[in-house]
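Residue numbers (full-length UniProt numbering): 1 to 298. Glycine included, C-beta positions come from ideal geometry on N, C-alpha and C. Here the structure is laid out as C-alpha cells; the discussion comes afterwards.
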Amino acid sequence: MDNNNGRMTGIIVEGENNVVGDNRQNYSPPSARKPRITEEAAEAEPYGKGGARGPGLFFVIPCIDEYRKVDLRVVSFQVPPQELLSKDSVTANVDAVVYFRVSNATVSIVNVEDAKASTKLLAMTTLRNVLGTKTLSEMLSDRDHISHQMQEVLDEATEHWGVKVERVEVKDVRLPREMQRAMAAEAEAQREARAKIIAAEGEQKASRALRDAALTISDTPTALQLRYLQTLGTISAEHNSTIVFPFPVDLMSMFVQNHFGNNSNQQSHSSQTAQHVNNFCGDLGMEKKSDHPAFVPD
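As C-alpha cells, this is what we get:
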C-alpha cells in the first residue's frame, strides 16, 4: 500500500471484455488472456474516492462500497511488563499505560493496517529504550519526566499514522527480591546512622547546657541552695522511704568552684574542701579511711 496517495498495489487480470482496475492504458487485445502483475495501482474504493464520512446520513452500496468505523475518542491500552536493564545494571520489570486517540481517521486506515496494535508494539519498544538510559533511582523518583519523555517519542512516531498520543504513565517498577532486600538493608543502615548522629548532637548540646548551668551556679551561691532544696523536694515526693542526710551547702559550692573555677586555685580549693568534709564527718562520729582525704559514707 502506498503511504502517499492511499493506493493499493495489486494484480490486474486482463481478458476478453473484462478489465479489473481503473487504468485502461494497460489494456491488451482479447487474445492476451494470461494474467500478469502490473506496477499500476487501483484505488481502495474503485467507484469512488475514499475518505471520511459523517456525522450525518450516507449510503453504502452492498458488495461495492466498504466502510470501517473509527472511534475518535481517547482510548487506552496497557503495556505488558517489560524486563529491562537499567543504566546502573539493575534488572527490573516495568509496565505502563498509554492513552491515545485517532486524530485523522483516513490516514489511520490508509497508512497503517491496525493503528492500535502498531501503537502498542511501538510503546513496548519505546518503554525499553527510554528506561534503559535511566538509573534505578531515576526510575523510582523521576517518573513524571520519564512519562513525558515517552509521550513525546510516541507522539512523534505515530503522527503519520493519524494517531495522537495524549498521555503515558509508568505504572510499576518491580525489582528482584534480592535487590529489594539489599535496598531495605541499605535504607535501614542509613536510618541508624542518622539516629546516631542526632543522638550525638543532642548529647553535645546537653553537655554544653550542663556546663553553662554549673558555671552559673558557681557564680551564684543562692542558685546552688535553691537547686539543693529542689532536689530534696523531688526525692521526698518520689521515694518516701529514702533517708536524706543534709550536706552543708557551702561545701557543695566549694566543690563546684573546685571543678569549674580558676585552675590556678584548684589545689587550694581541693584541700579546703577535703578539710571541711573531714571536719563534718568527725562531727558525725564517723571513721574515715586512711588512704582518702575525704569520703562519703555508704
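Enumerate in chain order the residues of its own chain whose CB-to-CB distance from residue i is below 6 Å, with the five nearest sequence positions on each side excluded.
{"i": "Gln78", "result": "Val97"}
{"i": "Thr231", "result": "none"}
Quick check on residue i: does DSSP put it in helix, strand or coil?
{"i": "Val110", "result": "helix"}
{"i": "Leu84", "result": "strand"}
{"i": "Ser31", "result": "At Ser31, the pLDDT of 47 sits below 50, so the modelled position is not reliable; the number obtained from the coordinates is stated separately. Correct three-state label for Ser31: coil."}
{"i": "Arg68", "result": "coil"}
{"i": "Arg227", "result": "helix"}
{"i": "Arg174", "result": "strand"}
{"i": "Arg128", "result": "helix"}
Is the separation between the beta-carbon of residue i and that of residue j shorter than 8 Å?
{"i": "Thr168", "j": "Ser147", "result": "Rather than Thr, the amino acid found at residue 168 in this sequence is Val. For Val168 and Ser147, yes; Cβs fall inside 8 Å."}
{"i": "Val94", "j": "Gln82", "result": "yes"}
{"i": "Ser76", "j": "Val163", "result": "no"}
{"i": "Arg143", "j": "Val170", "result": "yes"}
{"i": "Ala92", "j": "Leu122", "result": "no"}
{"i": "Leu127", "j": "Val173", "result": "no"}
{"i": "Gly51", "j": "Thr106", "result": "yes"}
For the alpha helix (DSSP H) holding residue i, just list the boundary residues, first then last.
{"i": "Thr133", "result": "That residue, Thr133, is in no alpha helix (DSSP H); it is neither H nor E in DSSP."}
{"i": "Thr216", "result": "Arg177 to Asp219"}
So, at 8 Å on beta carbons, what are the nonlocal neighbours of residue i in its own chain, with the 5 sequence-adjacent residues on each side left out?
{"i": "Gln149", "result": "Val130"}
Select from the options the residue whose C-alpha is nearest the C-alpha of residue i.
{"i": "Arg101", "options": "Ala115, Asn111, Ala199 and Pro176", "result": "Ala115"}
{"i": "Thr135", "options": "Ala189, Asn104, Arg211 and Ser89", "result": "Ser89"}
{"i": "Val74", "options": "Ser103, Leu154, Pro62 and Arg208", "result": "Ser103"}
{"i": "Lys120", "options": "Glu138, Thr133 and Gln151", "result": "Gln151"}
Residue range of the beta strand (DSSP E) that residue i falls in?
{"i": "Arg143", "result": "Per DSSP, Arg143 belongs to no beta strand (DSSP E); it is in the alpha helix (DSSP H), Arg143 to Ala157."}
{"i": "Arg101", "result": "Thr91 to Val102"}
Apart from the five residues on each side of it in sequence, which residues of its chain come closer than 7 Å, Cβ to Cβ, to residue i?
{"i": "Thr216", "result": "Ala223"}
{"i": "Ser118", "result": "Val112 and Trp161"}
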